[in-house]
Amino acid sequence: MKALLYGFIMHIAQIVAIGPQNIFVLTNSYRHKIVIPVVCILLDCIMIFCMTFGVMSAFAKNIYVLQCIRVCGVIFLLKYGISAFHRAIYKSESLDAVQKPIEKYIILNTIFISIFNPGVWIDTVTISTISLEYDGVSRWLFYLGNVASSIVWFAAIGFLGYIFGKFLQSAKVWRYINFGTGIVMVFMAIKLIFN
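Here it is, written out as structure tokens:
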């Protein structure tokens with residue numbers, strides 16, 4: 001049981017940081033309701049499994065794979081950030097209008113934002129290393145603790161995004177949200193370049 005609790009607390013402490021994935025879930029959950037949190041939870045379950053049971057360590061040791069992921073991540077985050085700045089500066093739209101361009105590709109965007117989130121690769125090192133302390137049933141409990149924290153977190157921020165989305169209908173508010181999103185995405189892209 002200690003492994004379960006430790007997995008939960010450790011992972012929740014890592015994913016609460018404001019980053020591209022959390023901003024994406026918060027700002028898009030109003031329109032897309034359950035789809036985005038569910039995709040994030042499923043991806044997290046898969047990635048945590050790979051981290052806990054050693055699959056990710058093969059990727060983490062291959063410099064070419066890491067460089068490819070880094071380049072793709074930088075391109076995606078910069079594109080997303082620049083698009084957010086563009087919407088903040090040149091467009092004054094309501095919530096519905098702001099989200100129409102990405103609605104068609106919402107699942108794909110959720111996958112990209114989850115995989116290219118720099119925090120995921122920090123989690124890879126942490127979870128992979130800590131999981132080595134456990135074996136057998138304890139390792140499975142550690143995994144389940146991580147998964148439980150992911151379910152709780154993404155369900156909570158998806159629900160908050162849905163609730164607060166009703167109050168975010170003004171174009172002015174969305175201008176600020178887009179500007180803030182642009183700053184975070186570009187910052188994360190720069191961080192990814194130099195890490």
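Using UniProt numbering, the final residue of the sequence shown is 195, and nothing's skipped along the way.
All C-beta atoms, glycine included, are put in the ideal place defined by N, C-alpha and C.
Exercise. How many Å lie between Phe167 and Ile183 at the Cα?
Worked result: Here residue 167 is taken as the residue at index 167 of the sequence shown, counted from 1. Here residue 183 is taken as the residue at index 183 of the sequence shown, counted from 1. Between Phe167 and Ile183, the C-alpha separation is close to 23 Å.
For this session: Rounded to whole angstroms, what's the CA-CA distance from Cys45 to Ser170? Just pull it up for me.
Result: Numbered from its first residue, the sequence shown carries residue 45 at position 45. Numbered from its first residue, the sequence shown carries residue 170 at position 170. If I take the Cα positions, the gap works out to 36 Å.
Exercise. What is the DSSP secondary structure of Ala17, reduced to helix, strand or coil?
Worked result: For this step, residue 17 is matched to residue 17 along the sequence shown. If DSSP states are grouped into helix, strand and coil, Ala17 belongs with coil.
Exercise. What are the start and end residues of the alpha helix (DSSP H) that includes Lys191?
Worked result: Numbered from its first residue, the sequence shown carries residue 191 at position 191. It spans Ala171 to Phe194 - the alpha helix (DSSP H) in which Lys191 sits, taken as one unbroken run.
Problem set entry | Counted within 10 angstroms of its Cβ, other Cβ atoms place Pro101 as buried (16 or more) or exposed | Within the sequence shown, numbered from 1, the residue matching residue 101 stands at position 101. Because the pLDDT at Pro101 is just 49, under 50, the model does not fix this residue reliably, and the value given afterwards should be weighed accordingly. So Pro101 ends up on the exposed side.
For this session: Look at Leu192 and Val74 and say whether their C-beta atoms are less than 8 Å apart.
Result: The residue given as residue 192 occupies position 192 in the sequence shown. The residue given as residue 74 occupies position 74 in the sequence shown. The answer is yes: Cβ separation under 8 Å.
Exercise. Run through DSSP, which three-state label would Lys33 get?
Worked result: Taking the first residue of the sequence shown as 1, we reach residue 33 at position 33. Three-state result, Lys33: coil.
For this session: Tell whether a beta-carbon distance below 8 Å holds between Asn22 and Ala84.
Result: For the purposes of this step, residue 22 is taken as the residue at position 22 of the sequence shown. For the purposes of this step, residue 84 is taken as the residue at position 84 of the sequence shown. Cβ atoms of Asn22 and Ala84: not closer than 8 Å.
Exercise. With Leu26 and Ile157 assumed to form a contact (beta carbons below 8 Å), what rounded beta-carbon distance in angstroms separates them?
Worked result: In the sequence shown, residue 26 corresponds to position 26, counting from 1. In the sequence shown, residue 157 corresponds to position 157, counting from 1. Confirmed, Cβ separation roughly 6 Å.
Exercise. When you compare only the Cα positions, how much space is there between Tyr143 and Tyr90?
Worked result: Taking the first residue of the sequence shown as position 1, residue 143 is located at position 143. Taking the first residue of the sequence shown as position 1, residue 90 is located at position 90. Rounded to whole angstroms, Tyr143 to Tyr90 spans 45 Å at the Cα level.
For this session: My understanding is that Gln14 touches Gly81, with C-beta atoms under 8 Å, so please give their C-beta distance in whole angstroms.
Result: Taking the first residue of the sequence shown as 1, we reach residue 14 at position 14. Taking the first residue of the sequence shown as 1, we reach residue 81 at position 81. With 8 Å as the limit, Gln14 and Gly81 do not qualify as a contact, their Cβ atoms being about 22 Å apart.
Problem set entry | Close Cβ partners of Ser138 (< 6 Å) along its chain, the five nearest in sequence each way excluded | Locating residue 138 in the sequence shown gives position 138, where the first residue counts as 1. Closer than 6 Å at Cβ, skipping near neighbours: Ala3.
Exercise. Buried or exposed: which applies to Ile113, given that a residue is buried once 16 or more other Cβ atoms fall within 10 Å of its Cβ?
Worked result: Residue mapping note: residue 113 aligns to position 113 of the sequence shown, counting from 1. Per the 10 Å Cβ criterion, buried.
Problem set entry | Alpha-carbon spacing of Ile127 relative to Trp121, whole angstroms | Within the sequence shown, numbered from 1, the residue matching residue 127 stands at position 127. Within the sequence shown, numbered from 1, the residue matching residue 121 stands at position 121. Each residue's Cα considered, the two are about 10 Å apart.
Exercise. What is the residue span of the alpha helix (DSSP H) that Asn117 lies within?
Worked result: Within the sequence shown, residue 117 is the residue found at index 117, counting from 1. Unbroken run through Asn117: none, as it is neither H nor E.
For this session: Note the first and the last residue of the continuous alpha helix (DSSP H) segment covering Asn146.
Result: In the sequence shown, counting from the first residue as 1, residue 146 sits at position 146. Note, Asn146: alpha helix (DSSP H), Val137 to Gly165.
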